[in-house]
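The sequence shown runs 7 to 305 under the working numbering. Note that the Cβ used here is the ideal one computed from N, Cα and C, for glycine as well.
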Amino acid sequence: MSQIRILVVDDEPFNLDIISEYLEGAGYLLEMAASGEDAWALLGNTQARFDLVVLDRMMPGIDGLELLRWIKADRRLADMPVIMQTAAASPEQVREGLAAGAYYYLTKPFEPESLQSIVRAALDDLHQRRALAERLAVQRNALQTLQHGLFAFRTMEEAHGLAALAASICDEPDVVVLGLSELLVNGVEHGNLGICFDEKSRLRESGQWEAEVLRRQGLPDNQAKRVRLTVSAEPGAWVFTIEDDGDGFAWQSFLELAPERAFAPNGRGIALARQLAFDELEYLGNGSCVRATVRKRAG
């Protein structure tokens with residue numbers, strides 16, 4: 007696996023030194039930029055591909071928000087996660103950053119553990135997206151004749167594989183696979199395994215999330231639990247219905263990108279799925295069943 011390359015953008019040399027110190031020893035290759043202009047020049051270099059940007063919001067010239075918008079408007083860079091580090095952390099300012107595509111936030115000053123945790127979370131999400139894209143390349147056109155199908159699964163690995171398979175029937179599978187993966191994984195970890203938002207945050211920050219998922223999957227009470235995906239071809243749309251065997255959750259608060267969760271390593275997936283992947287997303291009852299609709303392209 008190639009070394010992770012991170013671009014750190016801040017106009018204060020002291021802040022660049024602090025971030026470098028905090029990430030030292032993690033095996034990342036760090037590149038520093040003292041301005042938005044310098045950062046954009048580095049990002050435009052096709053030989054220097056970055057996996058992640060840690061970006062200061064308040065800078066002279068091209069500020070962090072403007073640079074973020076440029077990144078998200080460039081097809082080569084749009085999928086690259088950006089962590090916005092800022093002292094401007096009012097709910098309205100965070101909403102502005104979320105709307106521009108900064109789904110990860112750090113408030114200055116921050117502790118080493120906070121930076122390391124949010125960097126790991128952003129990179130984990132990036133690696134998952136890349137793995138899904140690879141699966142999708144294999145699965146394309148696999149279900150083009152499907153009219154109605156029912157699938158049942160119990161593990162995270164099965165969820166990711168099924169997301170790629172089901173998304174392959176859509177006109178824009180690269181986008182739909184991200185949303186389906188989020189909903190299917192949510193059915194396993196939050197639904198059947200009962201890992202709540204706060205608990206997942208603590209587990210990800212401590213690096214114990216994967217181990218806890220495997221432990222709970224092996225518990226006798228969870229052995230018979232399944233998540234079911236129903237895929238239906240409707241007039242003009244594909245409808246995906248996901249139902250788990252859990253007790254449901256307070257889904258209402260997760261439909262929007264909430265400013266208070268922008269600083270957590272998790273909790274943004276459902277909102278992003280609703281915003282980017284589906285034309286309609288509807289939770290039914292207590293939240294253990296969700297229906298996602300993707301319209302078919304005319305013609």
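In DSSP terms, what residue i is bridged to
i      : result
Val296 : Ile248 and Tyr289
Asp62  : Gln91
Val233 : Phe159
Glu119 : BP columns for Glu119 are empty, so no partner.
Ile12  : Leu36 and Leu58
Ser238 : His154 and Val245
Residue i classed as buried or exposed, judged by whether at least 16 other C-beta atoms fall within 10 angstroms
i      : result
Asp16  : buried
Asp57  : buried
Pro226 : exposed
Asn198 : buried
Cys202 : exposed
Gly96  : Checking the sequence shown, residue 96 turns out to be Ser, not Gly. So Ser96 counts as exposed.
Asp131 : buried
Leu209 : buried
Pro87  : buried
His196 : buried
Ser123 : buried
Gly224 : exposed
Leu220 : exposed
Gly103 : buried
Phe20  : exposed
Same chain, Cβ closer than 6 Å to residue i, neighbours up to 5 away in sequence not counted
i      : result
Ala239 : Gln153
Ile77  : Leu83
Lys231 : Asn198 and Asp251
Phe157 : Leu168 and Leu235
Thr247 : Thr236 and Arg297
Leu61  : Val15, Gly70, Val88 and Met90
Pro118 : Tyr28
Lys206 : Asn272
Tyr34  : Ile10 and Ile12
Supposed contact pair residue j and residue i - C-beta distance, whole angstroms, cut 8 Å
i      : j      : result
Arg165 : Val194 : According to the sequence provided, residue 165 is Ala. The question's Arg does not apply to it. With 8 Å as the limit, Ala165 and Val194 qualify as a contact, their Cβ atoms being about 6 Å apart.
Met65  : Ala93  : So it is not a contact: roughly 12 Å between Cβ atoms.
Arg55  : Arg11  : 7 Å
Ala185 : Leu282 : What sits at residue 185 in the sequence shown is Gly, not Ala. Contact holds; Cβ gap of about 7 Å.
Arg75  : Ala106 : 5 Å
Ala279 : Glu188 : 5 Å
Ser294 : Glu262 : Their Cβ separation, rounded to whole angstroms, is 21 Å, which puts Ser294 and Glu262 out of contact at 8 Å.
Contact set for residue i: own chain, Cβ-Cβ below 8 Å, skip 5 residues either direction
i      : result
Leu290 : Val296 and Arg297
Asp285 : Ala243, Thr299, Val300 and Arg301
Gly67  : Ser41, Gly42 and Glu43
Ala137 : His166
Sequence-distant residues of its chain with Cβ nearer than 7 Å to residue i (five each side left out)
i      : result
Arg303 : Asp177
Arg135 : Asp85 and Leu184
Neighbour flag for residue i against chain C, beta carbons, 8 Å
i      : result
Gln122 : Judged by its chain identifiers, the structure shown contains no chain C, having just a single protein chain.
In chain order, which continuous runs of the beta strand (DSSP E) of length 3 or greater are located wholly inside the region 130-192?
-> Counting whole runs of 3 or more residues, the region 130-192 contains the beta strand (DSSP E) stretches 154-159.
Give, in chain order, every unbroken run of the beta strand (DSSP E) that is at least 3 residues long and sits entirely within the region 19-85.
-> Secondary structure within the region 19-85: the beta strand (DSSP E) runs of 3 or more consecutive residues, fully enclosed, are 35-39 and 58-62 (chain order).
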